[in-house]
Amino acid sequence: MKICSYIFVLYFLTSIQLKAQEVDSLISKLAIAKEDTNKVKLLNRLASIFLSKDLLRSSDYSKRSYKLAGELNFIKGKASAAVLRGVAFLEQGNTDSAEYLYGISESLFEKINHLSGKAAIMSQRSGIYVTKGVYDKALDLHQKSLNIYIKLNDKENQAIALSGIGMVYGLLGQYKLSEEYYLKALKIKKDFGDERGMSIVYTNLGSDNYNNNAYEKALYYINKALNIQEKHGDKRLIIVNKTNRGNVFVKQAKYGQATTDHLFSLEENIKMRDTLAMINSLTSIGDIYNFTSRFKQASHKFREAEALLKDTTNLITLRTIYLGLGTAYNGSGELKNAADFYKKAYLLENRIFNGTLSEKIANLKETFEAEKREKEIDILKEKENNLQLLAEKRKLNVYISISGILLVLSILFIVIIASKNKRDKLKLETAKNKAMFEQKALRAQMNPHFIFNSLNSIQKYILQNQSQEAYDYLAKFSKLIRQVLMNSERSDITIKDEKVLLELYVELEQRRFKNRFDYSIICSAIVPLNFKIPIMLVQPFVENAIWHGLMNLNRTKHGLLTIDFELEQDNLKIQIKDNGIGREAAALKRKDSEYRSVGMMFTQKRLELLKESGNINAKIEIIDLKDENGNANGTSVEIKFPLIVLNED
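Using my numbering, you'd call the opening residue of the sequence shown number 79 and step up by one each time.
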């Protein structure tokens, strides 16, 4: 669906309502201005005014201001010029240059601790994230900006931040929340008598109602905005609303009126040299041609738009162009070209979603890495304390030895024997501590590994399933994460708790793979559920059975996974059994896969450390299962523990 354009509210462009003669007066003052800070301010004001009239001219004024402010060491003026240049670049579709200049401006405002300027940069940066479809970051920046303006009691700029929040909620389809923030902003604008600001809010309310399929209400707000903007001769905003009104007319099948509005917008955008707006006009006209079966003309317009779009990170606009081209080629019978562009649009859709999700996953990974580093620091501190204690004990032994020599030679023999025994005992304790520390460090690596595998399991399900099912899935996933984090500081876990964790994990995997396998987790009635086993021991083998055994099965064969806890003589036996393709076939498939499970390797290393420290002596046996014809029929993993160690703390 074609989305109506929002006005991204500019910090320097909220209350500029000058007539032509007033602009001419400012230009005349500039011609005779001295090379001082007042000239910098004058250049910045003109740059701000021409953002709505001529972007290249605006860029020229801000460039001159930036240079002069630098020569005068006028930091605030230089920061303002930098953000104005960034805005002009953003409007022309050059997000890289805009982001670079915003960074310069932010550091300059930071240098003089200019809170209002820093808040303005946050608002501008959010515009970049909006063009890239990263709405959560855009929303976060607007909220931070609002908090600063509230702290400064700056009502006028609070309205800008409120409008920004409303815009992002609108893009996310949360129209009630969006309207709530817009109406708060509108009240402030009315209190200040800021007609231009009011027209911007009306514009965005029109866009929200269009995108919510409320076309009559959208026309109401768009026409209110146009009445104000035509009164003040604000070409840029008139273009936006003519474009939006053209989109509404398309939805009402009024193609003649729609074409008139969009052709007007295209002509004016060309005059203003506003690249992004030109692209928007071209795609809108292309859509009309597609709707009216003029497919050749449509493909021509979309190709023009594609040629103008040099910023390939603007995924949303690029997706719109590819969808339009796919429709045009499909309509004209060029089916191969149509399929190619539909595929490109689909891949972009995934990138837009995955960009946000991957970032969240990266943040989660960073958190776990920080926790891991903290644990390692704690381990080093503990080792250092042990070494200090050892040094103090040795010092004490020296004093005892000297005293013994002075008192009686016979005592010397006793002291030497006692000192040797203490050193032997300390050496043994150090070895045990080393094994314990290595086990802790290894567990700190395993927890993120387990969680990221589960996150991978959830991603595809969210993309493809309905909201209620996704909510249920996320609820179980959050419970699993909570249980893992609660247990992460423990070295062992009861069989009862391990069974709960396994049931959560396997159910998530079963649902993600659309019930391609069944499972059962059974504890024998004679197995005491309060017996303890090393934490995170069974899950890597279960994961391996699902990913490499069951998921590689032919679609005609249904998978089966069983996990049994039972007693066998003096041992607890845990058996993980699947009817998958077997180890040999799985090894061949893994050669062509990017997925590499290290969980089983970590598990074997942990058991070696436990054995060295004398805590546990577990045995693992992996059995290749065969059918009556000798063909691979799955894998069985058996883990056995002596009962005597299971209940120790």
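Positions of the beta carbon are idealized from the N, C-alpha and C atoms, including for glycine.
Between which two residues does the beta strand (DSSP E) harbouring residue i extend?
i	result
aspartate 596	595-601
threonine 713	710-720
lysine 610	610-612
leucine 638	637-646
threonine 572	570-572
lysine 704	697-704
isoleucine 652	649-656
Could you work out which residue in the options is closest to residue i when comparing CA atoms only?
i	options	result
glutamate 346	Phe380, Tyr333, Gly311	Gly311
leucine 703	Gly658, Ile206, Gly195, Asn565	Gly658
aspartate 656	Met564, Phe419, Val715	Val715
leucine 633	Lys592, Ile611, Asn608	One point to set straight first is that residue 633 is arginine, not leucine, in the sequence displayed. The shortest Cα separation from arginine 633 among Lys592, Ile611, Asn608 belongs to Lys592.
lysine 329	Met356, Ser359, Ala292	Ala292
phenylalanine 167	Asp138, Glu188, Gln307, Lys189	Asp138
glycine 275	Gly242, Asn287, Lys254, Tyr253	Gly242
isoleucine 573	Gln236, Val605, Asn565	Val605
serine 343	Phe327, Tyr333, Ile363, Gly334	Ile363
alanine 376	Ile366, Ala385, Leu354	Ile366
leucine 580	Gln561, Gly324, Phe719	Gln561
proline 720	Glu621, His636, Pro612	Pro612
leucine 354	Ala331, Thr370, Tyr333, Ala385	Ala385
methionine 350	Met614, Lys131, Leu628, Thr640	Lys131
lysine 154	Ile190, Glu621, Gly171, Thr173	Ile190
aspartate 570	Lys610, Asn709, Leu558, Gly211	Lys610
leucine 607	Val578, Asn231, Tyr333, Lys229	Val578
tyrosine 424	Lys414, Gly411, Thr398	Thr398
For residue i, would you say it is in contact with chain D, using Cβ-to-Cβ distances shorter than 7 Å as the test?
i	result
aspartate 339	The displayed structure is made up of one protein chain only, and chain D is not part of it.
Could you name the residues of the same chain whose beta carbon sits closer than 7 Å to that of residue i, not counting the 5 residues immediately before and after it, in chain order?
i	result
alanine 440	With a pLDDT of 49 at alanine 440, under the threshold of 50, the modelled position of this residue cannot be trusted, and the question is left open.
leucine 240	Leu224, Tyr259, Lys262, Ala263
glutamine 588	Phe595, Tyr597
phenylalanine 270	Glu234
proline 395	As written in the sequence, residue 395 is threonine, which differs from the proline given in the question. Within the same chain, threonine 395 has close Cβ partners Ile357, Leu387.
valine 101	Ile127
tyrosine 37	Lying before the first or after the last residue shown, residue 37 is absent from the chain, which here runs from 79 to 727.
leucine 217	Ile243, Val246
glutamate 308	Ile316
asparagine 368	Ala376, Gly402, Thr405, Ala406, Gly409
arginine 568	Ile613
Leaving out five residues before and five after residue i in sequence, what residues of the same chain have Cβ atoms less than 6 Å from its Cβ?
i	result
glutamate 644	Ser602, Lys651
tyrosine 280	Tyr299, Lys302, Ala303
methionine 200	Leu219, Lys222, Ser223
aspartate 642	Ile600, Gln653
lysine 443	Any reading at lysine 443 must be qualified, since the residue scores a pLDDT of 46, below 50, and its modelled position is unreliable; no value is offered.
glycine 712	Asp656, Asn657, Gly658, Leu703
isoleucine 266	Lys233, Ala237
lysine 320	Asp339, Phe342, Ser343
serine 143	Val118, Leu121, Asn122, Ala159
histidine 626	Ala664
Leaving out the 5 sequence neighbours to the left and right, which residues in its chain are closer than 8 Å to residue i when beta-carbon positions are compared?
i	result
tyrosine 213	Tyr207, Val246, Leu249, Leu250, Thr434
asparagine 630	Gly658, Ile659, Ala663, Ala664, Lys667
glutamate 672	Note that glutamate 672 has pLDDT 44, beneath the 50 cutoff, so the model's placement of it is unreliable and the number below is only indicative. Excluding positions up to five away in sequence, the list is empty.
aspartate 575	Gln561, Asn565
glutamate 188	Lys196
Considering just the uninterrupted stretch of the alpha helix (DSSP H) at residue i, what are its terminal residues?
i	result
valine 318	313-329
proline 618	617-622
leucine 297	293-310
aspartate 352	Aspartate 352 -> no alpha helix (DSSP H), and no H or E assigned at all.
isoleucine 399	393-409
lysine 379	373-386
isoleucine 228	213-230
If residue i sits next to residue j, beta carbons under 8 Å apart, how far is it from one beta carbon to the other, in whole angstroms?
i	j	result
threonine 361	glycine 409	That belief does not hold up - the Cβ atoms of threonine 361 and glycine 409 are roughly 16 Å apart, past 8 Å.
phenylalanine 373	alanine 406	5 Å
valine 165	leucine 120	Wrong, their Cβ atoms sit about 18 Å apart, outside the cutoff.
alanine 157	serine 183	5 Å
isoleucine 717	isoleucine 701	At roughly 12 Å, the Cβ-Cβ gap does not stay under 8 Å, so isoleucine 717 and isoleucine 701 are not in contact.
glutamate 113	leucine 146	6 Å
serine 140	asparagine 151	Incorrect: roughly 18 Å between the Cβ atoms, too far for contact.
leucine 133	leucine 104	About 18 Å separates the two Cβ atoms, so there is no contact after all.
asparagine 392	threonine 209	5 Å
isoleucine 306	serine 277	4 Å
glutamate 169	aspartate 352	6 Å
lysine 635	glutamate 585	Actually they are not in contact, since the Cβ atoms of lysine 635 and glutamate 585 sit about 21 Å apart, beyond 8 Å.
Problem - Complete alpha helix (DSSP H) runs within the region 123-201 (minimum length 4 residues, chain order) - result: 133-150, 153-169, 173-189
Problem - Length-filtered (4 minimum) alpha helix (DSSP H) runs lying within the region 233-287 - result: 233-249, 253-270
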